[in-house]
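Counting along the sequence shown from 1, when you hit position 207 you're at 208 in our numbering, and nothing is skipped either side.
We put the beta carbon where it would ideally sit given N, CA and C, even for glycine.
Notes follow the structure.
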Amino acid sequence: MTLPGARPTWLTFDCYGTLIQWDEGLLAAVDRILSPKGRDIDHKAFITVYDRYEHALEEERPHRTFAAVSALALERAMVEFDLQFTPADAGILTSSIGKMPPFPEIVATLEKLKAAGFRLAIISNTDDAIIAGNVAQLGGFIDRVITAEQAGAYKPSRQIFHHAWKTLGIGMEDLVHICASPHLDLAAARELGFRTVWVDRGTGRKPLADYHPNEIVPTLGRVPAVLAAAGWI
């Protein structure tokens, strides 16, 4: 499949799981939090419960910062597992996020995309202060960072995408969105109609049953070839 339409000015990216090693980083953070608790807890099962609370809290109004969402989701997950929660546990989680590194191919690929003339932006379900540490690891190639904190809404809400496009001064026809999250980014694409490249890193996450991304790649390193096949590089 070839990407349809005209060459975009902007490439927009999901951050965590697409550029940054979220699953690996979250597992390490949860290990730091749970290991001192003296209980034999399946960390992946714990993360599944944490994710459920996080996504539910992101849909609630009024809008909470991601620092508040993650702390409350962590507390509720720990209560469900009959573990004692302290504010220090939330501090471990939020401080760990900004230190999560990019996938090995990311910086070199972003450099290629910039050299090809694209402008690069991140649209992420996080706070400005949290993502700053991640962006600092991306080689200086990101032109704009749009967060849920700025938009007052989390993906897959159309509010954050409309805020991003207004911030960038473009319509959705002038971008391609590159992401690894089916239930957030691809769900928004299904609703709004913007073009997508899905990065399927083999995590077990699958596209929505009633939506197919324009292109699927195993790593970000394949994106330049996809754009070249469309005649854009």
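- Note on T127: 16 or more other CB atoms within 10 angstroms of its CB, so buried under the neighbour-count rule.
- Burial check for K167: the Cβ neighbour count within 10 Å stays below 16, so the residue is exposed.
- In the same chain as I34, and ignoring 5 residues on each side of it, the C-beta atoms closer than 7 Å to its own belong to D90, I93 and L94, in chain order.
- In the three-state scheme derived from DSSP, where H, G and I count as helix and E and B as strand, F14 is classed as strand.
- Take K38, set aside five residues on each side of it, and the residues of its chain with a beta-carbon closer than 8 Å to its own are L84 and Q85, in chain order.
- Between P157 and H184, the CB-CB gap stays under 9 Å.
- Inside the stretch 122-164, DSSP marks whole alpha helix (DSSP H) runs of 4 or more residues at positions 129-136 and 149-152, from first to last along the chain.
- With contact defined as three or more Cβ pairs closer than 8 Å, the stretch 101-112 and the stretch 215-226 are in contact.
- Around the beta carbon of P105, fewer than 16 other beta carbons lie within 10 angstroms, which makes this residue exposed.
- Residues of the same chain with a CB within less than 8 Å of the CB of T10, apart from the 5 flanking positions on each side, are F119, R120, I171, D175 and L176 in chain order.
- DSSP places T49 inside the alpha helix (DSSP H), whose first and last residues are H44 to E59.
- Here R8 has W233 as same chain residues with Cβ atoms under 7 Å from its own Cβ, once five neighbours each way along the sequence are excluded.
- Listed in chain order, the non-local C-beta contacts of V70 below 7 Å within the same chain comprise E55, L58 and E59, local neighbours out to five positions each way being set aside.
- Boundaries of the alpha helix (DSSP H) around I34: W23 to L35.
- By the neighbour-count definition (other C-beta atoms within 10 Å, threshold 16), D15 is a buried residue.
- Shown here for M101: same chain residues with a beta carbon closer than 7 Å to its own, the five before and five after excluded, namely I21, Q22, W23, G26 and N135 in chain order.
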